[in-house]
Amino acid sequence: MDNNINQERQAIAIDFEQEWVPEKAKKLKPLIYKNSDPEGDAYCCLFGPDPEVGIYGCGNTPENAVLDWDKDLQDRMEKLTEGDDAAQHAIKHLSQH
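UniProt numbering numbers the first residue of the sequence shown as 1 and each following residue consecutively.
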């Protein structure tokens, strides 16, 4: 599964080895980007093709976006449904490490 960056997403680099980064984010290294939507939170975090189907979180800082993303990942893993390709891919990737 690719974390594609489209023209509207400006990627933000973070050090995934920092202490505050959740273990699952350290392993999956989701895309963190600055949101171009002036109505939304300034930063978003995405694992998957897009926010609609991918594992997604937003916040007013990159750190808060990652923490929100981690909550979405945990929720999706607990309530895993058939057809949730992003969560299934995340689980498979996490089990390999």
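C-beta: ideal position from N, C-alpha, C; glycine also.
Nothing here was measured: the structure is a model prediction, and the numbers come from that model.
Short Cβ contact (7 Å threshold) for residue i with residue j
{"i": "Ala86", "j": "Val53", "result": "yes"}
{"i": "Pro30", "j": "Cys45", "result": "yes"}
{"i": "Gly57", "j": "Asp72", "result": "yes"}
Inter-residue CB distance, residue i and residue j (contact presumed, cutoff 8 Å)
{"i": "Gln10", "j": "Tyr43", "result": "The Cβ separation is near 10 Å, so there is no contact."}
Paired residues, beta bridge with residue i - DSSP
{"i": "Phe47", "result": "Ile55"}
{"i": "Leu31", "result": "Leu46"}
{"i": "Gln10", "result": "Lys34"}
Nearest to residue i (by Cα), restricted to the options the options
{"i": "Ile88", "options": "Phe47, Thr61, Val66, Asp68", "result": "The residue you asked about is not Ile; residue 88 is Gln in the sequence shown. Comparing Cα-Cα distances from Gln88 to each of Phe47, Thr61, Val66, Asp68, the minimum goes to Phe47."}
{"i": "Pro38", "options": "Ile14, Asn60, Asp68, Leu28", "result": "Asn60"}
{"i": "Ile55", "options": "Pro62, Asp70, Asn64, Glu63", "result": "Asp70"}
{"i": "Asn35", "options": "Lys79, Lys24, Asp50, Glu19", "result": "Asp50"}
{"i": "Ala13", "options": "Thr81, His93, Glu63", "result": "Glu63"}
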